[in-house]
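J.: The numbering of the sequence shown is the working numbering, which starts it at 1 and goes up by one.
All C-beta atoms in this analysis are idealised placements derived from N, C-alpha and C, irrespective of residue type, glycine included.
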Amino acid sequence: MPPVSRIGGRTLAGLLPDLHSQRGPVYSALRDAVTALVLDGRVAPETRLPSERELAAALQVSRATVTAAYDALRESGFLTSRTGSGSYVTVPAGTAPRASIAIWRGAEVEDTIDLSCAALAAPPGVLQDALPIAAAALPAYATNEGYEPAGLGVLREAIAARFAARGVPTVPDQIMVTNGASHGIDLLLSVLAGPGDRMLADLPTYPGVIDAAKRAGVRTVSVPMAIDGGWDIAAVKAAFRQTAPRLAYLMPDFHNPTGALMGDDERVDVLRAARQAGATVIVDESFVELGLTAPPRPAAAIDPHVITVGSLSKPIWGGLRIGWVRASVELVQRLAALRASIDMGGPVLDQLVAATIVPQLPDLMPERTAGLRTQRDTLLAALARELPQWRAVEPQGGLSLWIELDAPMSTALTLLAAPAGVIIVPGSRFGVDGTLERFLRIPFALPPEQLDEAVRRLAAVWHQLDRTGAAARRLVVA
Ligand SMILES: Cc1ncc(COP(=O)(O)O)c(C=O)c1O
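#1: Could you pull the start and end residues of the alpha helix (DSSP H) that W462 belongs to?
#2: Using a Cβ-Cβ cut-off of 7 Å (strictly less than) and excluding sequence neighbours within five positions of P443, which residues of its own chain qualify?
#3: Within 10 angstroms of its Cβ, does G14 collect 16 or more other Cβ (buried), or is it exposed?
#4: Does DSSP classify E404 as helix, strand or coil?
#5: Note down, one range per segment and in chain order, each beta strand (DSSP E) of at least 3 residues found wholly within the region 202-283.
#6: Determine the direct distance from the alpha carbon of R297 to that of V154, and round the result to whole angstroms.
#7: Write down every uninterrupted run of the beta strand (DSSP E) in the region 306-331 whose length is 3 residues or greater and which is fully enclosed by it, in chain order.
#8: Based on Cα-Cα distance, which residue from N179, T205 and E285 lies nearest to P257?
#9: Using DSSP bridges, identify the partner residues of A392.
#10: Are the CB atoms of L440 and L479 within a distance shorter than 8 Å?
#11: Kindly list the residues whose CB is nearer than 7 Å to the CB of E145, restricted to its own chain and excluding five residues on each side of it in sequence; keep chain order.
#12: Could you tell me if E52 is buried or exposed, where buried requires 16 or more neighbouring beta carbons within 10 angstroms of its beta carbon?
#13: Please find out if some non-hydrogen atom of ligand 1 comes closer than 7 Å to the beta-carbon of M251.
#14: Is any heavy atom in ligand 1 found nearer than 7 Å to the beta carbon of S313?
#15: Measure from the alpha carbon of V38 to the alpha carbon of each residue in L73, N179 and D129, then state which is nearest.
#16: So, at 8 Å on beta carbons, what are the nonlocal neighbours of V329 in its own chain, with the 5 sequence-adjacent residues on each side left out?
#17: Contact check, A327 vs I302 under 8 Å by CB: the rounded distance?
#18: Per DSSP, L79 forms a beta bridge with which residues?
#19: Judging by CA-CA distance, which residue of F78, E46, H463 and A57 is the nearest neighbour of A36?
#20: Beta-carbon separation of V432 and I159 under 8 Å?
#21: Give the straight-line distance between the Cα atoms of T11 and L49, rounded to the nearest whole angstrom.
#22: Assign G217 to buried or exposed, taking buried as 16 or more other Cβ atoms, counted over all protein chains shown, within 10 Å of its Cβ.
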């Protein structure tokens with residue numbers, strides 16, 4: 001597979017540690033450092049490395065040293081060279097993550113704490129209050145066949161009004177109601193891209209979109225996020241320029257899994273770069289209502305060409321299966337036409353329930369986010385107490401912490417945590433090709449006592465793991 005992005009000699013040199021202070025020959029220190037950058041998701045798979053001459057100059061080492069390091073990387077499967085495409089990083093076969101998080105729900109012990117989902121239980125009373133109102137409205141809808149591929153008018157109106165209240169004027173015809181945001185993403189990939197097209201996404205990103213892209217034959221171009229949290233805007237802009245993707249999938253509002261919030265200036269920069277590259281931007285706002293900091297302007301308020309995907313799953317309840325796409329009237333019609341050939345439309349009763357809940361969102365969220373703040377702080381405090389060697393950037397919203405471990409053993413931890421009564425998903429699930437072994441996502445969606453207990457159990461497992469170099473390395477590349 002030819003490379004899609006490239007990294008310059010000086011940029012790569014800036015990511016590397018001092019090679020001369022490492023044990024052993026410089027070439028093997030360079031090989032190890034590049035391997036670690038790939039596995040940690042700091043250099044994305046399929047990135048073309050600088051020429052040997054360029055890197056040698058940037059590192060002020062001999063060209064023979066870089067040649068030896070590149071040879072060693074090729075031997076271990078982390079580098080592939082092809083005439084005309086140069087040398088680009090790869091991940092050896094066998095490192096790839098599983099395609100489903102269901103696989104991580106293994107041997108459950110009795111009081112297992114499930115941290116596999118960044119999702120909340122429904123807020124008390126909200127569904128119970130909405131259901132009788134929806135049920136009373138239902139008979140009026142049952143007088144025709146009931147198929148509405150773009151969604152019920154009353155719900156499209158409520159969602160459009162919520163966009164307008166957030167500063168994005170929207171008419172109901174610009175809204176398509178879907179079975180959750182994931183359904184919207186699938187439909188958009190089918191309509192807007194085809195096999196072989198590229199989609200730019202963050203590394204890490206929401207695993208569901210990686211799977212959806214794979215199903216659509218769309219190639220994910222990953223852009224590593226900044227080491228200290230948030231986006232590396234220069235890298236995002238370079239990726240748009242270099243790879244000319246057809247689509248970009250972004251979560252500027254409380255990114256899953258990092259909880260990062262993109263600033264207004266950053267949004268402007270990224271959206272401008274996307275437009276210059278001719279890419280269509282899909283912004284996933286699944287977490288936008290779960291801010292612990294107020295988000296800046298919605299992306300669609302900055303660039304009217306942005307397509308927005310949203311959902312009630314995170315602010316209210318995933319079981320409702322109500323999401324939406326906001327796009328041009330013409331695109332909504334195309335999405336609805338496709339949907340009519342797949343499942344005809346969504347359940348009317350559920351949409352009526354959603355139509356009573358959407359207008360209440362601004363009133364419901366303060367209590368929800370107050371609870372989340374306590375849970376986030378509890379989790380951060382428990383980690384600082386039990387596992388101070390792990391590093392977490394405080395998220396500005398959303399439902400999870402993205403944690404940097406002190407050894408690249410996320411999968412090993414995950415496997416041992418299950419019999420110890422904690423279900424977690426390894427960092428590699430949030431990237432392509434089995435990278436991100438040094439990272440772990442922990443949602444703070446459960447009550448504080450459970451988060452405290454989960455961290456105690458994880459610490460006990462982590463202390464049992466052999467994190468010394470050789471063992472950790474073997475596990476990573478197995
Ligand atoms: C960023 C993101 N988008 C979409 C989804 C899917 O949500 P839905 O339940 O609305 O399909 C999730 C679920 O975890 C998510 O994290």
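T.: Here's the rundown:
#1: P448 to Q464
#2: L115, C117, A118, L399 and S400
#3: exposed
#4: strand
#5: 219-224 and 247-250
#6: 26 Å
#7: 307-311 and 323-326
#8: T205
#9: I403
#10: Since the displayed the chain opens at 1 and closes at 478, residue 479 lies outside it and no answer follows.
#11: none
#12: buried
#13: yes
#14: yes
#15: L73
#16: V171, D173 and Q174
#17: At roughly 16 Å, the Cβ-Cβ gap does not stay under 8 Å, so A327 and I302 are not in contact.
#18: V89
#19: F78
#20: no
#21: 10 Å
#22: exposed
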